[in-house]
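Sequence lines, in order, name chains A, B, C and D.
According to the numbering used here, the residues represented by the first sequence are 1 to 140, in order.
According to the numbering used here, the residues represented by the second sequence are 1 to 648, in order.
According to the numbering used here, the residues represented by the third sequence are 1 to 343, in order.
According to the numbering used here, the residues represented by the fourth sequence are 1 to 346, in order.
Input: a single structure, listed below in structure tokens.
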Amino acid sequence: MAEEFEPKIVAFLCKWCSSAGSDLAGVSRMQYPPNVIPITVMCSGSVSPLYIFSAFNKGADGVLVSGCHPGDCHYIKGNFYARRRIALVKKLLEYVGLEPERFQMSWISAAEGVKYTKVIKDFVQELKPLGPQKKLRRTQ
Amino acid sequence: MKRTGVFVCHCGINIAGTVDVKKVSEELSKHSGVVHAEDYIYACSDPGQNIIIDAIKEKKLDNVVIACCSPNLHETTFRNAAKTAGLNEFQCEIANIREQCSWVHKDMEKATDKAIKLTRSAVQRVRRNEPLEPISVPVTRRALVIGGGIAGIQSALDLANTGFEVILVEREPSIGGHMIQLSETFPTLDCSQCIMTPKMVEVSKHPKIKLMTYSEVQEISGYVGNFKVKILKKPTYVYADKCTLCDECTKVCPVAVPDEFNLGLTARRAIYIPFPQAIPATFTLDIKNCPGLLPIACGKCTDVCEPGAIDYDMKPEIVEEEVGAIIVATGYDLYEKELLTEYGYGKYPDVLDGLQFERLLSASGPTMGKVLRPSDHKEPKEVVFIQCAGSRDPELHCAYCSKICCMYTAKHAMLYKHHVPDGQAYIFYIDIRSGGKDYEEFVQRAVEDDGVLYLRGKVSKVFEDKGKIKVWGVDTLAGKDIEIDADMVVLATAMRPSKGADELARKLKIAMDKDGFLAEAHPKLKPLESVTSGMFLAGAAQAPKDIPEAVAQASGAAGKAISILSQERLYHAPTVAEVNVNLCTGCGMCVQVCPYDSLSLKDGKVEVNEVLCEGCGTCSATCLRAAIQVKNMTPLQVNEMIKAALGG
Amino acid sequence: MVNLEELKKEASQILKEGKVKYIIGFQRGSNGLLPVPAFIKNPKDVEKLVWDPTCVYNLTLFLQDEKRKKTKEKEPDERPVGIVVKGCDSRAINVLLQEEFIKRDDVYVLGVSCENTGVLDEKKLAKKLKGKKAKKVEFGANDDFVITTEDGNIKIAAQEVLAERCLECKAHFPVIYDVLIGEKTKRNVENPFKSLEKIESLPPEERWKFWKEQIEKCIRCYACRSVCPMCYCDECVADTINFVVTPDTSAEEKAQKIKWLEKSPVSSENFVYHFVRAIHLAGRCIDCGECERVCPLDIPVRFLNKKLEKEAKELFDYDVGFDPDKPSLVSSFKDDDPEDFIR
Amino acid sequence: MEKVLSKKAFPQWVKKLESYTMYLPRKDGDFWNYEVIKNPEIIDLDYLNTVLSPKKIIFPQREVLLEFSTSNEEELKINEVLPEEAQSVIFGVRPCDAKALTLTDKVFGGDFKDPYYWKRRNSTALVGLACNTPPSPNCFCLSVDGSPHSKEGLDILITDLGDKYHAESFTKKGDDLLNLAKALFKNPTAKEKKDLEKIQAESKKKIQRQIKDTKKIPPKLKDMFDSPFWDEESLSCIRCGICTYLCPTCHCFDINDEVTSSSPIKGERVRTWDNCQFPDFTMHSSGHNPRPDKAARLRQRILHKFQYFVELYKNYQCTGCGRCISKCPVGIDIIEVLEKARDYGS
């Protein structure tokens, strides 16, 4: 039997909410697939569109940007800028035909270990049928 | 080429149980630039730290990565170790292979692979970290306390008595908060006003306290140690220094509105003093209800005011203050009448809330300490107390327990019996929560000495019937339905964050919990701190509390504030934004997005105020020309981390 | 109708009065139908100015050169530059003002209205003429173009040969100007994003096929970014080396230059370039269509920018280039910005 | 070898060449480009000139020179990647583009013979198509020692004679191609030869653009390095790379290491076209740029083509294809620039 496709996902987690939420998932020993490599950034507002393009260019099968819920941003409003920016990036990527499932955004608070687990599980589940992301990755 | 060391912690079996730590260290040793890689059972232990320190010295490492638990736990530990070995603290980074890896996965091979990527990613980052020293800023050695209830008063007095100047801001015309409305306090039954008023007077007389009543915080900028506050002083239209408290004005005022202090049980005039012991002792003209400023002027009060203390032209004033620390003690309000309709609250005059009943019991209250029901001023003989009115009701009302209601209801019933010895007090309760010094004994006293009848169960309906208030309920212990023809019903209504606290929280940039109470920085370890450094929480603004708890937290918050104010200088994380002026075109987009006003344009280029910058990086994602970036989390670093994360 | 003489008169006057340093306008070139940019200093040369449907260029691009030159001069001539702008070009001025790239006093805007027409799409005209060669194209009296060919004049309804962006233009007269030549005529554009529909309606995989084919063609001549008045960065993220180096730039800083994409003109790298350009133009592109016109390989670059213009409008109700005092699209937000895509 | 082939038989000939990799101009939207063609049925030689010249086949825009990797830190493995030696034919090469390859031959064939270039060059036969009508309104080959039916650089030149093609081979490579389908070709009749001459003579007249006195230009340019002329002429230049990337004679390149993995290190050394019109072309790592502005870069383009190259190789580095004129976003016209330069100051 062919080995099941394991998507490679890069997740940009804000330090104060989503990364802390992922820590809570760990402390609570929740289980989720190991496909995600988190990169903790200070704020979802600091995630430049370039990071996303770069991740897909370097072969990510999926990219997640996760920040604090609206109104909860540690930096007051960084996630609002992120919301706008990411919406545009998402529209652009979908416009050229990248599968919408491949690029996602979520609000995960420091208390939402359960949600983090669910977001990751769902993400991996949705990417599996799509197979490897070859559209934007650098040919090697 | 920089020399990197990698240390992989087993954390007992916490990591080693799911991650092949030997393999991680072996793989990392092949990573370009990594000259030392090893694993150890507990890296955070003293011997573990010594291994790191020795390796840094012996192998002349330029930077190290510790693959271990979350950076929230031991980043400081390992950075201190790195410092001991002569590195800059930023030459140490953590790869979180426990919370984000070993604890959440079971498949050893895959978890190991992920741990390798996480660690490589941290290596790519640390190799590009700049050594940075904390930014030092002087401290403004004054404090702001927001809220003049018992918590705010306690904080202000503690700070002032330590020798620091305090600005105490209160929204109402007088300080005192809800405590000054209470009759007696549990479990000692000492008179609330008697213990409160001396503190109020002390505040008003204290040379270090600048009291600003009828004022609201309008804007806050700055950062720990150096906040700038704009305070709106609402006009009282009465010059306190001229007012002789002769009370002639209230006699001529034609307006009658419900009296806030007595919670609508009595009326007051448009010009009024909230209560006799008010601090500051002066009258206030309630402009919303005064016809004096309408086109057809009334002006009666000015006519009778001999000292000429009333001035309709008084204008709001903005006062700017600089402080180093802020204590937020905005207190609570009772659950809104409109939201709690099922008990006839707001519909029947003899259904009261706890605070109204306090006023009825109070010697200075509307009935001069006699328990008389509002509708007909007769002495109620059957009184039903309903606990958890709005609390512990996740479906309809508040999910949380308001904590103090069990105790004050026992007190209410007991005091009622003292006032009306031949009356009967019934208490419907779900549980009795009487944890606290002498609290349980107090409840027992109510039952045993004063014959208060506790009924375990919920009230299903409250309605008026032939001059009585019928209360239908159930006694779940006896297993029977209960019907009481009550003369009065007293609700132990839920405590809510005080109105407007949410707006203030937003101005202060401090978070709120799901119920709107101000969020502490950590539920266990930082109960006094807000998430914004330099701002502390006191009293019921943070969660329902009784008086001793509020006072204790207030003193604690004052202590925390003092720990800042007692320093000459504070140190600020140096991971702030920096501008490449060669690339900056001065478009100002970063200036617009900065949440801290730390960026400004000067001569067509952006400048960073490093003290204001919190390093969130929103500017760098906004900049189209990569002209601004946050130190040690630069786009270059992130890009290298992305590569490492994807195995490249 | 726009009176060219009026434009010349105004141009000549401001030059004579010394109100402006020089005027950037259009003049006839030696190569084909399109004009070439004119940089006029001498009032005499004002006679060279032309205004006809072939004036496709967005001359605001040249304000970049002016700014660079000025920053190098010790005692720069502080007088404004006169510049001939159409409706779309004038929105570029607004964006440049919004981003403080220029100051209002830096330009003297000679606005010309496209009235009910716009500028020519050369390819559409060529198809229309079926091999006949156009020598001259002029505005007609009835929203048409008068085309001079070897065999005499032909009138063609402007709608048939207008550039796609002109058919979708929201303000075909200058929205900022010092002098306006022509009328601010009203024209209803039913769907300003109509041209996008063809690609948008494709199923995702077809859309991918389309874009891959297009983007693969790119030879990275960077004409699209070179011609763009908004691409005024001294150093583009697509550049792999530092352009802006001063004597105190350290070797370390130079090494910090990020290679977001390789120089190789392969699909993946071309996509990064075009994505970055599109996202950096979101809320800034004023749809002058120049990027698409100049592309030697006919990549429909404009659609990328237009798509984001549409999203900005639909998601955030953001119009580009109408208000220089408004914060930029991505440096502002509303509390109720849509977030249905967020988990 | 001189032959005639009926137009109908042309696809049959192409079919005989199946063993070769065949490139033919193909219409893509509004323009033409070379593509590898497998099915000869769709052959169409009635085309305007391609946007990119056949240079892109012989000297591709991206070329891997070598691969490198480390298995562990000590050992670096390098593997040279030479192009495959596939026999190829490019059909329909315009004489100007063929001539252009003779110029790049000089550049890549000096003391050091560039193996990547020459592997492709030697294994590729060029079948040219004479320009009976100019394929671009901006053609000016006659002004730069070219002609619409020049054989320079070609293995075979085909000329359209109405219902048939005249095909002349000049090299062994060309002869081989014709010999593969001997039966299809006939020897030209005297009338056909006469027709050919007539067509060739007429085709020259049809060329619309020319530079007068081209010869005077190189000596004149010699003294114009510091002239303010370049500032004036470059005012409208937008610094894009169209003119040079589309030029069949421009040959500058850049070499970069593209690292695909850093642990362990893996990657390729890649050669890509570079462009003297880009500001980074001459950028020194010190920050000094000897060609700091677009005036200097326009001057470089003109001087390289009409002075330096002439001095070095006795040839203009321009074959008059007109691409840079047609595609310049702002209508900069090399003919006009050269003529102005020639007359500058006199």
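Note that beta-carbon positions come from the ideal geometry of N, C-alpha and C, so glycine has one too.
Would residue i count as contacting chain D if we go by Cβ distances under 9 Å?
i                 : result
Pro-338 (chain C) : no
Asn-94 (chain C)  : no
Glu-395 (chain B) : no
Ser-195 (chain C) : no
So with Cβ pairs under 9 Å, would you call residue i a contact of chain B?
i                 : result
Tyr-222 (chain C) : no
Pro-264 (chain D) : yes
Cys-233 (chain C) : yes
Thr-40 (chain A)  : yes
Gly-131 (chain A) : no
Gln-31 (chain A)  : yes
Glu-6 (chain A)   : yes
Taking 9 Å as the CB-CB limit, is residue i close to chain C?
i                 : result
Gly-174 (chain D) : no
Arg-3 (chain B)   : no
Ile-332 (chain D) : yes
Asn-158 (chain A) : Any answer about residue 158 (chain A) is impossible in this case: the structure gives chain A only from 1 up to 140.
Trp-410 (chain D) : Given a span of 1 to 346 for chain D in the structure shown, any question on residue 410 (chain D) remains unanswerable.
Thr-117 (chain A) : no
Gln-592 (chain B) : yes
Between which two residues does the alpha helix (DSSP H) harbouring residue i extend?
i                 : result
Leu-246 (chain D) : 242–246
Trp-51 (chain C)  : Looking at the DSSP string, Trp-51 (chain C) is not in any alpha helix (DSSP H), and its letter there is neither H nor E.
Pro-71 (chain B)  : 71–84
Val-304 (chain B) : 300–304
Tyr-439 (chain B) : 439–448
Which residues does DSSP list as the beta-bridge partners of residue i?
i                 : result
Val-66 (chain A)  : According to the sequence provided, residue 66 (chain A) is Ser. The question's Val does not apply to it. In DSSP, Ser-66 (chain A) forms a bridge with A:Leu-13, A:Ser-106.
Met-495 (chain B) : B:Leu-334
Tyr-40 (chain B)  : B:Cys-9
Cys-92 (chain B)  : B:Val-64
Ile-86 (chain A)  : Answer is none; Ile-86 (chain A) lacks a bridge partner.
Ile-318 (chain B) : B:Leu-232
Thr-486 (chain B) : Reading off the sequence, residue 486 (chain B) comes out as Ala, not Thr. In DSSP, Ala-486 (chain B) forms a bridge with B:Ile-469.
Would you give the residue range spanned by the beta strand (DSSP E) that residue i belongs to?
i                 : result
Pro-527 (chain B) : 526–530
Against chain A, with Cβ distances strictly below 9 Å, would residue i count as a contact?
i                 : result
Pro-204 (chain C) : yes
Hey, would you say residue i sits closer than 9 Å to residue j, going by beta carbons?
i                 : j                 : result
Glu-165 (chain B) : Ile-231 (chain B) : no
Glu-290 (chain C) : Leu-61 (chain C)  : yes
Ile-427 (chain B) : Leu-144 (chain B) : no
Leu-45 (chain D)  : Phe-91 (chain D)  : yes
Val-89 (chain D)  : Leu-17 (chain D)  : yes
Gly-131 (chain C) : Lys-155 (chain C) : no
Ala-98 (chain D)  : Glu-152 (chain D) : yes
Asp-77 (chain C)  : Lys-67 (chain C)  : no
| task | Taking only beta carbons into account, state which residues of the region 78–90 of chain A come closer than 7 Å to chain C, listed in chain order. | result | Phe-80, Tyr-81, Arg-83, Arg-84, Arg-85, Ala-87, Leu-88, Val-89, Lys-90
| task | Anything in the region 93–109 of chain A with a Cβ closer than 7 Å to a Cβ of chain B? List those residues in chain order, please. | result | none
| query | When Cβ atoms are compared, which residues of the region 246–270 of chain C fall closer than 9 Å to chain D? | reply | Thr-246, Pro-247, Thr-249, Ala-251, Lys-254, Lys-259, Glu-262, Lys-263, Ser-264, Pro-265, Val-266
| request: Report the residues of the region 311–341 of chain C with a CB closer than 7 Å to any CB of chain B, ordered along the chain. | output: Pro-327, Ser-328, Val-330, Ser-331, Ser-332
| request: Using a Cβ-Cβ cut-off of less than 7 Å, list which residues of the region 9–28 of chain A approach chain C; keep chain order. | output: none
| Going along the chain, which residues of the region 95–108 of chain C sit with their C-beta nearer than 9 Å to a C-beta in chain B? | Gln-98, Glu-99, Glu-100, Phe-101
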